[in-house]
Amino acid sequence: MKRLFLAFLFTGSVTTAVMAQSAQYTEAMTKQTSDLDSSSIFTAEGLQQKANTFERIADAEKSQWLPYYYAAYMQVMQAFTLKDKSGIDPLADKAEANLDKAEALSPKNSEVACIRSLVATARLTVDPMSRGMKYGPEAASLLEQAKSFNPENPRIYMLQGQSLLFTPEQWGGSKSKAKTTLELALEKFAAFKPESSIAPHWGEPYTRKLLEQSQQ
Amino acid sequence: MSNINRYLCLFIFTPLFSLAQHKISGKVTDTKKHPLPGVNIAVKGSYDGATTAADGSFSFTTTATGDQLLSATLTNYQTLELKINTAAGEQLNIVLKSAVNALRVVTISAGSFEASDDKKGTVLKPLDIVTTAGAGADIANAIKTLPGAQQTNDREGLFVRGGTGYETQTLIDGMLVRNPFYSSLPDIPGRGRFSPFLFKGTTFSSGGYSAQYGQGLSSALILESIDLPERSSSSVGVSVIGVSAGLDNLSKDKKTSYGIEADYTNLSPYFNIVKPKNAPNLGPEIIGTSVNFRHKTSRTGMLKFYGYGNWTKMGFNSNSLEYPGYTESFKLHNNNVYTNLTYRENIGHDWHLYIGASFSSNTDNINADTLLKNPAPSLIKVRSDLSQTRVMFYKNLGRFSVLRLGGEYQYAEERSAFNENKANFSDNYTAAFAEGDIYFTPSFVGRVGGRAEYSSVLGEMNFAPRVSLAYKMNNYSQFSVAYGDYYQKPEPQYIRFNRNLGYMKATHYILSYQRVAMDYTFRTEVFYKKYTDLVKTTPAYNNNGSGYAQGVELFWRDRKTFKNVDYWVSYSYLDTKRDYLNYPFRVQPDFAANHTASIVYKHFLPKLSTNLGLTYSFATGRPYYNPNQPTDKFMSDRTMTYNSVGVSASYLTSIRKAFTIFVLSVSNVLGNKQVFGYHYSTDGLRRDEVVPNVPRFIYLGMFMNFGIDRRQDVINNL
Chain A
61 MKRLFLAFLF
71 TGSVTTAVMA
81 QSAQYTEAMT
91 KQTSDLDSSS
101 IFTAEGLQQK
111 ANTFERIADA
121 EKSQWLPYYY
131 AAYMQVMQAF
141 TLKDKSGIDP
151 LADKAEANLD
161 KAEALSPKNS
171 EVACIRSLVA
181 TARLTVDPMS
191 RGMKYGPEAA
201 SLLEQAKSFN
211 PENPRIYMLQ
221 GQSLLFTPEQ
231 WGGSKSKAKT
241 TLELALEKFA
251 AFKPESSIAP
261 HWGEPYTRKL
271 LEQSQQ
Chain B
32 MSNINRYLCL
42 FIFTPLFSLA
52 QHKISGKVTD
62 TKKHPLPGVN
72 IAVKGSYDGA
82 TTAADGSFSF
92 TTTATGDQLL
102 SATLTNYQTL
112 ELKINTAAGE
122 QLNIVLKSAV
132 NALRVVTISA
142 GSFEASDDKK
152 GTVLKPLDIV
162 TTAGAGADIA
172 NAIKTLPGAQ
182 QTNDREGLFV
192 RGGTGYETQT
202 LIDGMLVRNP
212 FYSSLPDIPG
222 RGRFSPFLFK
232 GTTFSSGGYS
242 AQYGQGLSSA
252 LILESIDLPE
262 RSSSSVGVSV
272 IGVSAGLDNL
282 SKDKKTSYGI
292 EADYTNLSPY
302 FNIVKPKNAP
312 NLGPEIIGTS
322 VNFRHKTSRT
332 GMLKFYGYGN
342 WTKMGFNSNS
352 LEYPGYTESF
362 KLHNNNVYTN
372 LTYRENIGHD
382 WHLYIGASFS
392 SNTDNINADT
402 LLKNPAPSLI
412 KVRSDLSQTR
422 VMFYKNLGRF
432 SVLRLGGEYQ
442 YAEERSAFNE
452 NKANFSDNYT
462 AAFAEGDIYF
472 TPSFVGRVGG
482 RAEYSSVLGE
492 MNFAPRVSLA
502 YKMNNYSQFS
512 VAYGDYYQKP
522 EPQYIRFNRN
532 LGYMKATHYI
542 LSYQRVAMDY
552 TFRTEVFYKK
562 YTDLVKTTPA
572 YNNNGSGYAQ
582 GVELFWRDRK
592 TFKNVDYWVS
602 YSYLDTKRDY
612 LNYPFRVQPD
622 FAANHTASIV
632 YKHFLPKLST
642 NLGLTYSFAT
652 GRPYYNPNQP
662 TDKFMSDRTM
672 TYNSVGVSAS
682 YLTSIRKAFT
692 IFVLSVSNVL
702 GNKQVFGYHY
712 STDGLRRDEV
722 VPNVPRFIYL
732 GMFMNFGIDR
742 RQDVINNL
């Protein structure tokens, strides 16, 4: 019941935000968000280009949380592609600054919390030995926070499944648990209706890929 | 498919009124004319723009007309905005200046090794201290693997650059810690009293340190306690020598936390199996407790309390050197309490306030006796109480420069009794300091400061100037120089018997070069230290001692070359001589070795989630006093070289919901013979070598940490 109520609240806040959009904004965002599930953009250059474009839109609009959110998403994904780990923290700083702006415009946002969790994971990879104790639990608790904001967000379960899949068993990872969580994620994807054509809707193909890996 | 999509998009989104379009193109470089890729070029207020390609070039069309503002943004560079006219159609040449980020800002580094998570570009991480094999999670033992520190494993304390253990001061959150080590028995060093896990930052200064600190001729170990814990948790530990338990509680609003810890160590079962050289006759037993409380008083304010209490009893029997066939008994009871309360807050106009107060008390009760022989046992009781307060104001000037002003007051009560003979004294010590970190440019900094001190028992004042300069040549390399005067009161055992003594003094000159990159660190230092006014005990107590220390040190750390391997190598060359205590003239003292080296190797096996560690330490022989030598050969004998290999393995796992670590560590694995010196009988006919009480120590322990945060439980249950 409580979850339903929260979901209802969440839906309400998104709808009001969507109403304020201009046609130019919707057009540009539709174009930019259409290929977020395509693997072709996931190169360092491609992601940077996307991040820059989203930042330009965010900067011009200033009242929309989505461009900030997408810019941060692209930046954190770019951080994961870096070979030189010294570049990760500056990108994570940038992503976090964008997420702060997104959150100021749309507080208690489940999608923003998901990207924050990815940022914590990116920071962890810089130096897993000394940062694991801090950023591991932080990444996990941010996903729990995302769940408390909107338990129907499928990307939470996708990210939880991913971390279960890639965490060694001694540390609480498990292929079978990953499989159940990813299956749950797919159920949530099936039921999930984005608030608009430009609201976050990425992740389903990637979840299927992860599920395949968990079954190997 | 995606290509088709792209064409489709192009088609759909190409505005039909293309007449109003203007092409804008150009190239972005840095100040050295290298092309910059990835720069975000934008026409302000519109979506129009582009990202520069690998050659720095960009080109896009915009519907905006007339005078517009164009911005160029890139991480680590200053954002540039320039006015353009869209109709001009010229080729833009944009030059971005690099931004001043934390990595590029020079920091004062001469003489100091810093371990911190907060600051980037530090040489060590706090975890490195815990995971150094052979150090047994003891801060001082880990620091002995760094250049500048001696392998003096027959007495406690850090012996740095020709200085004694007394010349190193330990500070927690700016407050002095008297007796940071467990009281030791003759020839057996005591460990540090506090857990390395309590600190987020550790700075080991082997010289040239800031005017904020005083009363250490050689070195300062500056510890900074953690603020609030990440989450609530509880822990238990079991090892072959004891048990421990702890609790950390973080309030729901994440503004307040408290923690308690207790441990009990008993070495007697271990010594029943592994027979030490000298058999225990009391304990050895240690009870330790600690409490902490932390409260975030505002967005910028922080109140911290940390306190610990330790109760130790231990004693050993040894064969009497003086009276062959008899047994010497030595028993020690030690009580130690330390408390530390600090508060910091931003008081506006860029001024910050720091206030600290601390009380500590240490009591040693010693019973020394030649069993079955007259005279009666010697009873020695030494108690020192120290109360201290400290106030510091600091102000940020400009972007990086800082001005610090502060003062300290300490009241010390030193009591001692040898059988019925008492020798007590008290001291009021006041100090004031002022210091400025002045950034001439972000890559060139000077630290200029001074410290004035007055001690009532010495009835004397001193003034100590300190200056450091550091220049950063590029993102990774920097040069530093430091100069400073350092004063310290003579040790209580000398002041007790002679109130006419004055301060001892050391002057430091340091030149250092370091290169700190992401995966490796290289560092070298050259130093010269001049000692004056050292205490001499012959013919009567006086301040006529003197000496010098000079040397070269190297440090290399590499975390890249071998996969999952992190290692460091340190080497110190030390040339030192001093005339102090009962020395007839200047000689190399018995705690100094000419060459000291350490290799610390850490190997992580991800598949086994096991950390393997190996530490090798080497030191050339140290001088020792042989009464059979003529006076002109005083301290001319040398002990054998010191070799030690410590290994450790820790296996990380989870048992049910608990984070669990199993630790196995073995000191002196190869069983190398280690001789630190010799004791001679008064007649010089018999001698006894000073060796570790147990040649090899095997430690096995298990530590479990339970997160009691509800969310943590949920994650573990997934």
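Those protein sequence lines, which keep their order, are chains A and B. Heads up: the first sequence at position 158 corresponds to 218 in the working numbering, and the numbers run straight through without jumps. Heads up: the second sequence at position 335 corresponds to 366 in the working numbering, and the numbers run straight through without jumps. For glycine and all other residues, C-beta sits at the position ideal for the given N, C-alpha and C. Source: prediction; values computed, not measured.
Straight-line spacing of the CA atoms in Lys194 of chain A and Glu261 of chain B works out to 7 Å. Taking all protein chains shown into account, Ser99 of chain A has fewer than 16 neighbouring C-beta atoms within 10 Å of its C-beta and is therefore exposed. Residue state for Met134 of chain A is assigned as helix, using DSSP reduced to three classes. Just so you know, the alpha carbons of Glu105 of chain A and Tyr133 of chain A end up roughly 14 Å apart. The beta-carbon of Ala120 of chain A is placed less than 8 Å from the nearest beta-carbon of chain B. Taking a contact to require three or more Cβ pairs closer than 8 Å, the segment 265-273 of chain B and the segment 240-256 of chain B do not qualify as touching. In the three-state DSSP reduction, Thr162 of chain B falls in the coil class, being neither helix nor strand.
Per DSSP, Thr103 of chain A lies in no alpha helix (DSSP H) segment and is marked neither H nor E. Proximity to Gly429 of chain B across B:Tyr470, B:Val274 and B:Ser409 peaks at B:Tyr470, based on C-alpha coordinates. If you look at Phe302 of chain B, you'll find it isn't in any beta strand (DSSP E); it sits in the alpha helix (DSSP H) that goes Ser299 to Ile304. CA-to-CA, the gap between Ser143 of chain B and Tyr534 of chain B works out to about 24 Å. About 15 Å separates the Cβ atoms of Thr195 of chain B and Phe707 of chain B, ruling out a contact at the 8 Å cut-off.
Comparing alpha carbon positions, the residue from B:Gln246, B:Arg330 and B:Gly188 closest to Ala462 of chain B is B:Gln246.
Annotated three-state conformation of Leu178 of chain A is helix, per DSSP. Scanning the segment 226-253 of chain B for uninterrupted beta strand (DSSP E) segments of 3 residues or longer gives 230-236, listed from N- to C-terminal end.
Partner residues in the beta bridge of Thr92 of chain B, as assigned by DSSP, are B:Lys54. Closest by C-alpha distance to Gly193 of chain B, out of B:Tyr611, B:Asp79 and B:Leu643, is B:Tyr611. Residues of chain B with a Cβ closer than 7 Å to the Cβ of Ser146 of chain A are, in chain order, Met549.
The beta carbon of Tyr78 of chain B falls within 8 Å of a beta carbon belonging to chain A, placing the residue at that interface. Between the alpha carbons of Lys285 of chain B and Ala120 of chain A lies a distance of about 36 Å. Residues of the same chain with a CB within less than 7 Å of the CB of Ala85 of chain B, apart from the 5 flanking positions on each side, are Pro68 in chain order. Boundaries of the beta strand (DSSP E) harbouring Tyr647 of chain B: Thr641 to Ala650, taken from the DSSP string. Contact between Lys536 of chain B and Tyr579 of chain B fails: their C-beta atoms lie close to 12 Å from each other, not under 8 Å. CA-CA distance, Glu243 of chain A to Tyr502 of chain B, rounds to 57 Å. Against chain B, the CB of Gly232 of chain A has a partner CB under 8 Å away; the residue lies at that interface. Residues of chain A with a Cβ closer than 7 Å to the Cβ of Arg262 of chain B are, in chain order, Pro197. Interface flag for Asn107 of chain B against chain A is set, since a Cβ pair is found closer than 8 Å. Taking the beta carbon of Asn613 of chain B as reference, no residue of chain A falls within 9 Å; the closest one sits roughly 47 Å away. For Thr555 of chain B, the three-state secondary structure derived from DSSP is strand.
Here Val126 of chain B carries a strand assignment [DSSP, helix/strand/coil]. Interface annotation for the segment 117-141 of chain A against chain B: Ile117, Asp119 and Ala120, criterion Cβ-Cβ distance under 7 Å. The three-state reading of DSSP puts Ala141 of chain B in coil, since its state is none of H, G, I, E or B. Distances from the CA of Thr241 of chain A to each of A:Phe252, A:Ala118, A:Ala251 and A:Pro214 were compared; the closest alpha carbon is that of A:Pro214. Under DSSP, Asp458 of chain B takes part in a beta bridge, and its partners are B:Ala443. DSSP places Met89 of chain A in the uninterrupted alpha helix (DSSP H) bounded by Ala83 to Thr93.
Listed in chain order, the non-local C-beta contacts of Asn703 of chain B below 6 Å within the same chain comprise Asn674, local neighbours out to five positions each way being set aside.
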